[in-house]
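Inspection log for the structure reproduced underneath, given as structure tokens.
Numbering (the working numbering), first residue to last: 81 to 346.
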């Protein structure tokens, strides 16, 4: 909290922020109570999650009943916080897929990702370079930027919170998922028509997996499954469970431009 306070903001920890309940940071009721309080508090402008945590999906039904559009707040986080991004974006409210308190504290807020997050919170969303990759597919697309952790997002398919929308720029990442499981998810998206309806795709980092006999890499598998589509794709983007995790403004119209020399998102 001192690092965030040093930016000039008033900071407080939610009542149950340090609770423990099994593998969760508190019971469902207590975690919901913290979010409800923050989301309805007129003085709270941003909710920066301490860590990504499985269990956010447990809270969606109750959070969905709140008047979230009356006084929108920033939700900041990644991993399982993807479920909260999906909730906010389903209401037309922007959110920030970004490093959380653990990362900010570890880097004392001085790293490029923390600085970009602070700038977004101040209303400054500058274009970002996504770099080049041998599997990139060139082109330009504009649409709402949606996505996050692929397994969490896929679990919301066919629900009111689904982050998959025609014409959108989808970004995906994951950790400790074997290639065949990610392939299964992508085939579900393909067969449901989701994958073919995208405006563009940003492939973030897939970590803690090993190549298998059918695929030399996760990226190669994704390139194969998306080979029939003509939209631009940027591979190897530093988004996800990696130390360099570029903050992304979800739910906001963005433009993905992929050229032979690299890719940008603005």
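Just so you know, even glycine gets a beta-carbon here, dropped at the ideal spot from N, CA and C.
Everything numeric in this text was worked out from a predicted model, so none of it was measured.
Inter-residue CB distance, residue i and residue j (contact presumed, cutoff 8 Å)
i, j, result
"residue 184", "residue 154", "Actually they do not touch by this definition, with Cβ atoms about 14 Å apart."
"residue 260", "residue 292", "7 Å"
"residue 329", "residue 220", "Actually they do not touch by this definition, with Cβ atoms about 18 Å apart."
"residue 309", "residue 279", "Between residue 279 and residue 309 the Cβ distance is about 10 Å, and since that is not below 8 Å, they are no contact."
"residue 226", "residue 210", "At roughly 16 Å, the Cβ-Cβ gap does not stay under 8 Å, so residue 226 and residue 210 are not in contact."
"residue 298", "residue 338", "About 19 Å; that fails the 8 Å criterion."
"residue 139", "residue 115", "6 Å"
"residue 229", "residue 254", "6 Å"
"residue 97", "residue 130", "6 Å"
"residue 224", "residue 333", "6 Å"
"residue 285", "residue 321", "7 Å"
Residue i versus residue j: straight-line alpha-carbon distance, rounded
i, j, result
"residue 89", "residue 196", "16 Å"
"residue 247", "residue 256", "29 Å"
"residue 283", "residue 269", "15 Å"
"residue 193", "residue 127", "17 Å"
"residue 218", "residue 273", "22 Å"
"residue 91", "residue 163", "24 Å"
"residue 201", "residue 305", "36 Å"
"residue 104", "residue 84", "24 Å"
"residue 123", "residue 93", "14 Å"
"residue 303", "residue 323", "25 Å"
"residue 160", "residue 117", "20 Å"
"residue 172", "residue 331", "7 Å"
"residue 311", "residue 267", "17 Å"
"residue 125", "residue 204", "16 Å"
"residue 346", "residue 208", "7 Å"
"residue 342", "residue 120", "42 Å"
"residue 327", "residue 174", "13 Å"
"residue 143", "residue 245", "21 Å"
"residue 187", "residue 87", "14 Å"
"residue 241", "residue 141", "10 Å"
"residue 191", "residue 156", "17 Å"
"residue 146", "residue 158", "22 Å"
"residue 237", "residue 252", "14 Å"
"residue 106", "residue 99", "5 Å"
"residue 102", "residue 340", "49 Å"
"residue 300", "residue 307", "10 Å"
"residue 344", "residue 222", "12 Å"
"residue 281", "residue 150", "32 Å"
Bounding residues of the alpha helix (DSSP H) (the contiguous stretch that carries residue i)
i, result
"residue 83", "82 to 85"
Residue span of the beta strand (DSSP E) that contains residue i, given as start and end
i, result
"residue 343", "342 to 345"
"residue 74", "Missing from the structure shown is residue 74; the chain here goes from 81 to 346 and no further."
Validate contact between the stretch 209 to 217 and the stretch 302 to 321 using beta carbons, cut 8 Å, 3 pairs: Using a Cβ-Cβ distance cut-off of 8 Å, the stretch 209 to 217 and the stretch 302 to 321 are in contact, since at least three pairs of beta carbons, one from each stretch, lie closer than that value.
At least 3 beta-carbon pairs within less than 8 Å: the stretch 102 to 119 vs the stretch 127 to 140: yes
Minimum length 4: unbroken alpha helix (DSSP H) runs contained in the stretch 192 to 265: 192 to 201, 230 to 234
Complete runs of the beta strand (DSSP E) confined to the stretch 272 to 328 [at least 3 residues]: 280 to 287
Whole alpha helix (DSSP H) elements within the stretch 115 to 197, 4-residue minimum: 140 to 143, 162 to 170, 181 to 186
Three-pair Cβ contact test at 8 Å for the stretch 164 to 173 versus the stretch 227 to 243: yes
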